[in-house]
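Sequence order for the protein chains is P and X.
Note that numbering that gives the first Met the number 0 numbers the first sequence so that position 63 is 62, with each residue one more than the last.
Note that numbering that gives the first Met the number 0 numbers the second sequence so that position 290 is 289, with each residue one more than the last.
We put the CB at the ideal spot given by N, CA and C, even for glycine.
There are 2 protein chains.
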Amino acid sequence: MVINMLDERSKQVLRAVVQSYINKLEPVGSRFVTKKYALGCSPATIRNIMADLEDLGFLSQPHTSAGRVPTDKGYRFYVNFLGDAGNYGEQDAELKDCICRFTQRLEGIGSDLNGMFVEVTNALSSMSNYIGVVMPPRPESTTFNRIDFIRYKADKVVAVLLTDEGVIKNKMLSVDAAFTQEDLNRIAGYLNSEYSGRTIDEIKSMLVKKMRQEKAAWDKLITRAIKIYEEATSFAEDDFFVSGLYDVMGLPDFSDMSRIREISRAIKDKHAILKLLEELSNAEGVQVVIGNENPVEELRGLSVVASTYKEGERPMGVIALIGPTRMDYSKAIYMVDAISKCISRTFE
Amino acid sequence: MVINMLDERSKQVLRAVVQSYINKLEPVGSRFVTKKYALGCSPATIRNIMADLEDLGFLSQPHTSAGRVPTDKGYRFYVNFLGDAGNYGEQDAELKDCICRFTQRLEGIGSDLNGMFVEVTNALSSMSNYIGVVMPPRPESTTFNRIDFIRYKADKVVAVLLTDEGVIKNKMLSVDAAFTQEDLNRIAGYLNSEYSGRTIDEIKSMLVKKMRQEKAAWDKLITRAIKIYEEATSFAEDDFFVSGLYDVMGLPDFSDMSRIREISRAIKDKHAILKLLEELSNAEGVQVVIGNENPVEELRGLSVVASTYKEGERPMGVIALIGPTRMDYSKAIYMVDAISKCISRTFE
DNA sequence: ATTAGCACTCTCGATATGAGAGTGCTAATA
DNA sequence: TATTAGCACTCTCATATCGAGAGTGCTAAT
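Put into structure tokens, the structure is as follows:
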């Protein structure tokens, strides 16, 4: 699908239909286009063009005598070639201002990543009225900073894991042997001195290797360290930050219950979204998945605008907006882009 | 409203109406009652009784020629006097079994409170199809076990707070002075040795008092300790565990969007619910708030079944089920009762 | 005190109707 | 040849009408 497959006026008409449908969520008719967008021709001409666009698969009619509605392909063309691409910066001043203030505040939060992610999801959803999602750094790309163990009760130990990126995780462990705090400090000290600066996953495999090497005559300390580390770093993998499910219900797109329930389910079991975002996480720049392009069954009929945030060149995680197919792509792309860049900046 | 204000047969009719309305969510007519519940009289008689019950405010008619529907007052009477009170144990075996298995598992989780609460909300909602809520122990009733500080970067410190009940909280603090890990250990050591066993709030006020006492010549350590403790324990207060918003949308009661949106909003700003649960937390046993009895505006039209869980005699927090007014009170009361008792047991 | 019988009321689904919006096509026009 | 005016046509949506069904309240009989 190349940009040249449509002449200039057709593009203008397509853009007009997409934009006004995004705004009003009502099929747009030929008369309306001539009135609202001065294209210098009559409704009849527009009708002809629209009929052509329908033949090409960019538009469709809900019923014989309604206006036209963009198809997924129509949105796709709009996003790729018509959506003011490159100058999303020309958004309305209020939004820009709002995002600007937010990014400044974000940089102030500094290294409390969890806190930052909560802020980000909230900001994403409240500014857009879509669903904001942040996928935190995956264990394969978070860098071990240090781990500490706190003796809690005879057989309970709290593990606190810090990463270079500022993620704090804690977990209550049940241990079989009765450790003293000194034991725990030794184990932590060992792990901290040996493995600081590597990724969580790297360490896991290194420890396993180590276990094999020393096979019969391994140090008891190391065995313990390995076991306890494994347990401490086995956090639920399928977690991410979401916000805005309630706001999205206010959109006229979701006026019937069944849709809402579907979406809720999709978000609740997280798996589907996680899969999608992971796929997108390797790509460069802002990614847009429109409606039925979505590889994930449950999210058909929704669009996703996502972008990775990075530490230097290394991709860390993904932020995304999920909304109805007729979402305001310009706005969403602008937001996701600005905020993901801001997050990346805080890692410097 | 005393139990004697109705004769026996009237009570039977009221019970019949409430129970079948709870089951089918359809106004129940006189003929239906005679068919389904063998009360030994004709529809005409039932009609007379129903008319009386309507005069007394226990029932109402959606429109002239529909069956009767319980009013809030009707539910109230049912819950207080008719709802098999005292022998909720006679629930259907499957539910009992399910809860039994769950409580056993719960006791296995042991002292990881956060994990336990997540389990509890999930269990509450999935077994009932209502909204499950758990209010964790308030700071005035959690007992300080120990605090530890981990130096993260020059001006960042991670505070990890443990309570006797097994709540773990962590927080990234920005500190002005550059602490060494030794400084931090001294501060933590001071706090731990002095204040272990007291409630979080007690300690706060004690520290403030201490500051006043030593006024001019206070130990620098203490000043630091106070400041850092204050910051470390100022967690968001308005947090609790919720689950089941999505399931509740499946109930026919909420087939229209506006209701759902209302509820979502109420739950999102948490404040209203928190207020209500706090009010209920001082009472003994299972509390039931029905429909418009609800003091909280946003929750009108919903019913709440709540019970406190305790450590010994000391009330710690509240668990609750929130559902439509025509919720299955017997079931809800049974569940909330069983699970709150189980939580209390784990504290022993 | 209870009940059978009956007229009455109200909802709900099906059906009909007309206004309105928008199209496609044809023939005239620049 | 590309555009446009005009018009018949189609489809939706809101409204009105109608009858079946369910359930009531009342009255008179038991």
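> Does any residue of chain P bring its CB to less than 9 Å from the CB of asparagine 128 of chain X?
Replying inline: no
> Ends of the alpha helix (DSSP H) at threonine 33 of chain P?
Replying inline: 29-35
> What do you get for asparagine 169 of chain P, buried or exposed, if any count of 16 or more other CB atoms within 10 angstroms of its CB means buried?
Replying inline: buried
>> Please list the terminal residues of the continuous alpha helix (DSSP H) segment that includes lysine 340 of chain X.
In response: 328-345
> Comparing alpha-carbon positions, which option in P/Arg313, P/Gly243, P/Ile259, P/Phe239 lies nearest tyrosine 245 of chain X?
Replying inline: P/Ile259
>> Give me the chain X residues within the contact set of aspartate 268 of chain P, using Cβ-Cβ distance strictly less than 7 Å, ordered along the chain.
In response: Listed along chain X, no residue sits closer than 7 Å to aspartate 268 of chain P by beta-carbon distance, the nearest being about 10 Å off.
> Looking only at DSSP bridge pairs, what is threonine 162 of chain P linked to?
Replying inline: P/Phe143
>> My parser needs the alpha helix (DSSP H) runs of 4 or more residues fully inside the region 54-139 of chain P; what are they?
In response: Uninterrupted alpha helix (DSSP H) stretches at least 4 residues long and entirely within the region 54-139 of chain P occur at 71-76, 92-108, 112-127, given in chain order.
> For asparagine 169 of chain X, which three-state DSSP category applies?
Replying inline: strand
> Whose C-alpha, out of P/Gly114, P/Lys34, P/Asn128, P/Ser173, is nearest the C-alpha of valine 157 of chain X?
Replying inline: Per the Cα distances, P/Gly114.
>> Taking the beta carbon of glutamine 180 of chain P as the centre, do at least 16 other beta carbons fall within 10 Å, making it buried, or is it exposed?
In response: exposed
>> On a Cα-Cα basis, can you pick out the residue from X/Leu275, X/Ala271, X/Pro42 that is closest to glycine 66 of chain X?
In response: X/Pro42
>> Looking at the secondary structure, which residues open and close the beta strand (DSSP E) in which isoleucine 318 of chain X lies?
In response: 313-323
> In chain order, what residues of the region 233-262 of chain P put their CB closer than 7 Å to some CB of chain X?
Replying inline: Residues Tyr245, Met248, Gly249, Ser254, Met256, Ile259, Arg260.
> At which residues does the alpha helix (DSSP H) containing alanine 15 of chain X begin and terminate?
Replying inline: Where alanine 15 of chain X is concerned, the enclosing alpha helix (DSSP H) stretches over 7-23.
>> For a contact defined as C-beta to C-beta under 9 Å, what are the partners of arginine 264 of chain X on chain P?
In response: Tyr245
> At which residues does the beta strand (DSSP E) containing glutamate 310 of chain P begin and terminate?
Replying inline: 301-310
>> Once the 5 residues before and after leucine 32 of chain P are set aside, which same chain residues still bring their CB inside 6 Å of it?
In response: A small fix is needed here, since residue 32 of chain P is valine in this sequence, not leucine. Excluding residues within five positions, the ones whose Cβ falls inside 6 Å are Ala15, Ile45.
> Roughly how many angstroms lie between the CA atoms of alanine 215 of chain X and arginine 185 of chain X, to the nearest whole one?
Replying inline: With a pLDDT of only 47 at alanine 215 of chain X, under 50, the local geometry of the prediction cannot be trusted, and the value read off the model is given with reservation. For alanine 215 of chain X and arginine 185 of chain X, the distance between alpha carbons rounds to 22 Å.
> Comparing alpha-carbon positions, which option in X/Asn293, X/Phe240, X/Thr307 lies nearest alanine 337 of chain X?
Replying inline: X/Thr307
>> Pairs of beta-carbons, one from the region 146-160 of chain X and one from the region 135-151 of chain P, closer than 8 Å: are there three or more?
In response: When Cβ pairs closer than 8 Å are counted between the two stretches, the region 146-160 of chain X is seen to touch the region 135-151 of chain P, the count reaching three or more.
> Going by C-alpha distance, which of X/Leu172, X/Gly39, X/Thr345 is nearest lysine 155 of chain X?
Replying inline: X/Leu172
>> Give me the DSSP bridge partner(s) of phenylalanine 240 of chain P.
In response: P/Val133
> For serine 19 of chain X, which residues from the same chain have a beta carbon less than 6 Å from its beta carbon, with the 5 sequence-adjacent residues on both sides left out?
Replying inline: Val27
> Does DSSP put threonine 222 of chain X in a helix, in a strand, or in coil?
Replying inline: helix
>> So with CB distances below 8 Å, who are the chain X contacts of asparagine 169 of chain P?
In response: Val159, Ile167, Asn169
>> For lysine 274 of chain X, report the span of its alpha helix (DSSP H) as first-last.
In response: 270-279
> Using a Cβ-Cβ distance under 9 Å, would glycine 114 of chain P count as near chain X?
Replying inline: yes
> Can you find a C-beta in chain P that's less than 9 Å from the C-beta of tyrosine 151 of chain X?
Replying inline: yes
> What are the boundary residues of the alpha helix (DSSP H) that includes glycine 188 of chain P?
Replying inline: 180-194
> Are the C-beta of aspartate 147 of chain P and some C-beta of chain X separated by less than 9 Å?
Replying inline: yes
> What's the gap between the Cα of threonine 345 of chain X and the Cα of valine 119 of chain X?
Replying inline: 13 Å
> Which class does alanine 216 of chain P belong to by DSSP, given the choice of helix, strand or coil?
Replying inline: For alanine 216 of chain P, the predicted model reports a pLDDT of 49, less than 50, meaning its position is unreliable; a value from the coordinates is still stated below. Helix at alanine 216 of chain P.
> Between X/Ser233, X/Phe116, X/Ala176, X/Leu276, which lies nearest to glutamate 164 of chain X when the distance is taken from Cα to Cα?
Replying inline: X/Phe116
>> Suppose you measure from the CA of glutamate 7 of chain P to the CA of valine 335 of chain P; what does that come to, to the nearest Å?
In response: 29 Å
> Can you name the residues of chain X whose CB is closer than 7 Å to the CB of aspartate 111 of chain P?
Replying inline: Met171
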